[in-house]
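Asker: I'd like to ask some things about the structure below.
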Amino acid sequence: MKDRPFALLGVNSDDLDRAHAAVKEHRLNWRNFQNRPEGSKTKISDDWLLNGWPTIVVLDADMKIRYRGLDCHEGTRIARELVSAMDGGPEQAGHSDGH
Amino acid sequence: MISFVLLTGLSLMGPVAGPPLAPSLHPPRQEATSGHSQETPLDRYERLVAETEAANAQWSKSLRALRDAEKAGGAPVPASAWSSPLIPFVARFQAAARDHVGTDAAIPFLMWVTQNGMPMKGAGRQAAKDSLHELVTAHRGSDRLEELSWMLGRLVYFFGEEEGAAIGAGLEKDSPNEEVRTWAVFSRTSGSLENAPVDSEAFQEAIAELRAALAKVDMEMLAEEVENRIAVREKFSLGMVAPDIQGLDLAGNAFALSDYKGKVVLLDFWGDW
Chain C
0 MKDRPFALLG
10 VNSDDLDRAH
20 AAVKEHRLNW
30 RNFQNRPEGS
40 KTKISDDWLL
50 NGWPTIVVLD
60 ADMKIRYRGL
70 DCHEGTRIAR
80 ELVSAMDGGP
90 EQAGHSDGH
Chain G
0 MISFVLLTGL
10 SLMGPVAGPP
20 LAPSLHPPRQ
30 EATSGHSQET
40 PLDRYERLVA
50 ETEAANAQWS
60 KSLRALRDAE
70 KAGGAPVPAS
80 AWSSPLIPFV
90 ARFQAAARDH
100 VGTDAAIPFL
110 MWVTQNGMPM
120 KGAGRQAAKD
130 SLHELVTAHR
140 GSDRLEELSW
150 MLGRLVYFFG
160 EEEGAAIGAG
170 LEKDSPNEEV
180 RTWAVFSRTS
190 GSLENAPVDS
200 EAFQEAIAEL
210 RAALAKVDME
220 MLAEEVENRI
230 AVREKFSLGM
240 VAPDIQGLDL
250 AGNAFALSDY
260 KGKVVLLDFW
270 GDW
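Residue numbers (numbering that gives the first Met the number 0), protein chains in the order written: chain C, 0 to 98; chain G, 0 to 272.
Printed below as a string of structure tokens:
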């Protein structure tokens with residue numbers, strides 16, 4: 000969804016070497032947080048009370064939670080609806096960025 | 000590029016974790032059963048279980064051989080080779096349960112079908128649901144229902160809202176087992192726990208009931224799950240503002256979730272498993 004008010008972000012649970020290898024192998028082009036950077040005592044996934052992997056969270060423009068769950072299709076659907084509502088146009092098929 | 004579906008299609012903690020396999024208790028020694036004139040229900044149960052163990056061992060051996068052959072450059076392991084060797088036994092345990100319908104002797108056979116059929120698809124899973132239904136209705140006073148654990152917490156999921164609620168009420172009223180009654184409370188209140196607004200009376204009542212029920216029993220895992228669910232609802236319910244993340248990207252550069260305020264964000268917690 001290039002040029003639209005949307006960002007796909009990741010929180011990656013792997014060690015850095017593995018994460019880099021996965022990004023390279025799968026040509027991932029979105030930005031990822033390290034779940035627990037070296038030296039950190041806490042994990043983002045613990046702060047976010049995750050009870051399953053992978054988990055999808057969709058936030059609106061005000062950072063309000065609009066979806067949280069394990070269903071990537073439902074999360075994607077809600078994100079697309081929110082983006083369409085924001086820019087006032089229908090979803091543009093074939094313009095997904097990394098989906 | 001990896002598809003989003005591929006990236007996010009696997010769940011390590013689905014709603015149906017695998018139950019333990021064979022039940023540990025046995026039916027009482029009673030009347031003889033058909034086919035083996037001197038065979039008691041206990042004999043029959045033990046014979047069937049022994050057959051499942053032999054079939055499992057043979058299946059593991061065959062599968063190992065096929066996998067070794069594949070690694071050595073041979074043909075890929077056919078999909079049919081992964082099929083559970085327990086599938087043909089479901090009907091046999093069901094038949095044994097029917098032979099003792101309405102008596103305690105049926106319980107171990109029903110337990111076997113419930114626990115082993117639930118991870119299956121199609122007929123096996125349906126048989127498991129049917130057996131679970133018989134256990135939680137006709138045998139709801141049995142102490143052995145405790146072994147069904149998580150299934151008792153999902154009665155509404157298995158049997159629908161109305162019947163699931165009625166079955167749960169029966170267990171809460173009639174089961175002599177505190178853990179079974181606690182699972183029934185969990186089943187009854189989980190809808191409010193998951194869906195009622197956090198500031199609603201229904202949500203607060205559900206929490207109070209669950210905590211009161213869990214205070215009476217030593218069910219640490221369920222207590223942790225309940226507290227986690229409560230915390231998730233109180234912090235991450237729909238409409239709540241997400242907490243910011245101040246972190247590092249994979250290159251070590253600092254960035255924040257709030258950098259993207261003003262955009263719709265799809266945040267994917269993932270790993271390369």
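Glycine is no exception: its CB is placed at the ideal position from the N, C-alpha and C atoms.
1) Less than 8 angstroms between CB atoms is the rule here; does K63(C) satisfy it with respect to chain G?
2) Just checking: is the beta-carbon of T54(C) within a distance shorter than 8 angstroms of some beta-carbon in chain G?
3) Quick one: residues in its chain with C-beta nearer than 8 angstroms to the C-beta of D59(C), no 5 flanking neighbours on either side, listed in chain order?
4) Using C-beta distances below 8 angstroms, list every residue in its chain close to P4(C), excluding the 5 sequence neighbours before and after it, in chain order.
5) Using the three-state DSSP reduction, which class does G246(G) fall into: helix, strand or coil?
6) Taking only the alpha-carbon atoms, compute the straight-line gap between I55(C) and W47(C) and give it to the nearest angstrom.
7) Any chance the segment 27 to 43 of chain C sits against the segment 246 to 257 of chain G, with 3 or more Cβ pairs inside 8 angstroms?
8) So if I threshold CB-CB distances at 9 angstroms, which residues from the segment 226 to 244 of chain G count as touching chain C?
9) Going by DSSP in three states, G190(G) sits in which element: helix, strand or coil?
10) So, under 8 angstroms CB-CB, S186(G) and V216(G) are touching, yes? Tell me the CB distance rounded to an integer number of Å.
11) On the criterion of 16 or more Cβ atoms from any shown chain inside 10 Å, does T41(C) qualify as buried, or is it exposed?
12) What are the residues of the segment 73 to 86 of chain C that lie near chain G, defined by any Cβ-Cβ distance shorter than 8 angstroms?
13) Taking all protein chains shown into account, decide if P175(G) is buried (16 or more other Cβ within 10 angstroms of its Cβ) or exposed.
14) Of the residues that make up the segment 98 to 131 of chain G, which ones have a beta carbon closer than 9 angstroms to any beta carbon in chain C?
15) Helix, strand or coil, according to DSSP, for L109(G) in the structure here?
16) Since A253(G) sits in a beta bridge, which residues does DSSP pair it with?
17) State the DSSP-derived secondary structure class of Q37(G), mapped to helix, strand or coil.
18) Specify, as a first and last residue, the run of the alpha helix (DSSP H) that Y259(G) falls within.
19) Excluding the 5 residues flanking F202(G) on each side, which residues of the same chain have their C-beta closer than 8 angstroms to its C-beta?
20) Could you work out which residues of chain G lie near G9(C), taking near to mean beta carbons separated by less than 7 angstroms?
21) Put L265(G) into one of helix, strand or coil per three-state DSSP.
22) Taking a contact to mean a Cβ-Cβ separation below 8 angstroms, would you say L27(C) touches G51(C) in this structure?
23) Are any of the Cβ atoms in chain C nearer than 8 angstroms to that of G261(G)?
24) Taking 7 angstroms as the limit between beta carbons, can you name the residues of its chain near A21(G), skipping five residues before and five after?
25) Can E208(G) be considered in contact with the ligand NAP, in the sense that its beta carbon sits closer than 7 angstroms to one or more heavy atoms?
26) For a cutoff of 8 angstroms on Cβ pairs, would you count D13(C) as touching chain G?
27) Could you check whether the Cβ of S257(G) sits closer than 8 angstroms to any Cβ belonging to chain C?
28) Closest to L148(G) by CA distance: which of E160(G), D103(G), V135(G), F158(G) is it?
29) Under 8 angstroms between the Cβ atoms of A95(G) and R143(G)?
Answerer: Taking the definition as stated:
1) By one-based count along the first sequence, residue 63(C) stands at place 64. Yes - at least one Cβ of chain G is within 8 angstroms of the one on K63(C).
2) As a position in the first sequence, residue 54(C) is number 55, starting the count at 1. Yes, because at least one Cβ of chain G sits closer than 8 angstroms to the Cβ of T54(C).
3) Mapped onto the first sequence, residue 59(C) falls at position 60. Counting only Cβ-Cβ distances below 8 angstroms, and skipping sequence neighbours, we find R65, L81.
4) Within the first sequence, numbered from 1, the residue matching residue 4(C) stands at position 5. Closer than 8 angstroms at Cβ, skipping near neighbours: A60, V82, M85, D86.
5) To locate residue 246(G), count along the second sequence from 1; it is residue 247. Correct three-state label for G246(G): strand.
6) For the purposes of this step, residue 55(C) is taken as the residue at position 56 of the first sequence. For the purposes of this step, residue 47(C) is taken as the residue at position 48 of the first sequence. Computed Cα separation, rounded: 12 angstroms.
7) Yes, the segment 27 to 43 of chain C is in contact with the segment 246 to 257 of chain G.
8) Residues passing the 9 angstroms Cβ filter: N227, R228, A230, V231, K234, F235, S236, L237, G238, M239, V240, A241, P242, D243, I244.
9) Residue 190(G) sits at position 191 when you count from the first residue of the second sequence. G190(G): helix per DSSP, three-state reduction.
10) Along the second sequence, one-based indexing puts residue 186(G) at 187. Along the second sequence, one-based indexing puts residue 216(G) at 217. Not a contact, Cβ separation roughly 15 angstroms.
11) Counting from one through the first sequence, the residue named residue 41(C) turns up at place 42. Exposed, since its Cβ has fewer than 16 Cβ neighbours within 10 Å.
12) From the segment 73 to 86 of chain C, only G74, T75, A78, L81, V82, M85 have a Cβ closer than 8 angstroms to chain G.
13) Residue mapping note: residue 175(G) aligns to position 176 of the second sequence, counting from 1. Residue burial annotation: P175(G) is exposed, with fewer than 16 other C-beta atoms found within 10 angstroms of its C-beta.
14) For the segment 98 to 131 of chain G, the set of positions with a beta-carbon nearer than 9 angstroms to some beta-carbon of chain C is empty.
15) Here residue 109(G) refers to the residue found at position 110 when the second sequence is read from its first residue. The answer is helix: DSSP assigns L109(G) an H, G or I state.
16) Start at 1 with the first residue of the second sequence, and residue 253(G) comes out as number 254. Under DSSP, A253(G) takes part in a beta bridge, and its partners are L247(G).
17) The sequence position of residue 37(G) within the second sequence is 38, counting from 1. The answer is coil: DSSP assigns Q37(G) none of H, G, I, E or B.
18) One-based indexing of the second sequence puts residue 259(G) at position 260. It is not in any alpha helix (DSSP H) - Y259(G) carries neither H nor E in the DSSP assignment.
19) Here residue 202(G) is taken as the residue at index 203 of the second sequence, counted from 1. Residues of the same chain with a CB within less than 8 angstroms of the CB of F202(G), apart from the 5 flanking positions on each side, are S191, L192, A195, P196, R232 in chain order.
20) Position 10 of the first sequence holds residue 9(C). Under the 7 angstroms cutoff, chain G gives D267, W269.
21) Counting from one through the second sequence, the residue named residue 265(G) turns up at place 266. Residue state, collapsed to three classes: strand.
22) Counting from one through the first sequence, the residue named residue 27(C) turns up at place 28. Counting from one through the first sequence, the residue named residue 51(C) turns up at place 52. Pairing L27(C) with G51(C) gives a Cβ-Cβ distance that is not under 8 angstroms.
23) One-based indexing of the second sequence puts residue 261(G) at position 262. At least one chain C Cβ lies under 8 angstroms of G261(G).
24) As a working note, residue 21(G) is residue 22 in the second sequence. Any reading at A21(G) must be qualified, since the residue scores a pLDDT of 38, below 50, and its modelled position is unreliable; the value itself is stated next. Only V48, W111 meet the Cβ criterion.
25) Here there are no bound small molecules, and the ligand NAP is not part of this structure.
26) The residue labelled residue 13(C) in the question sits at position 14 within the first sequence. Under the Cβ distance rule, D13(C) counts among the residues neighbouring chain G, one pair being separated by less than 8 angstroms.
27) What you label residue 257(G) is simply residue 258 of the second sequence in a count that begins at 1. So, interface residue.
28) Stepping through the second sequence from its first residue, residue 148(G) is reached at position 149. Per the sequence presented here, residue 148(G) reads as Ser, with Leu not at that position. Scanning E160(G), D103(G), V135(G), F158(G) for the CA closest to the CA of S148(G) turns up V135(G).
29) In the second sequence, counting from the first residue as 1, residue 95(G) sits at position 96. In the second sequence, counting from the first residue as 1, residue 143(G) sits at position 144. No, Cβ-Cβ distance for A95(G) and R143(G) is not below 8 angstroms.
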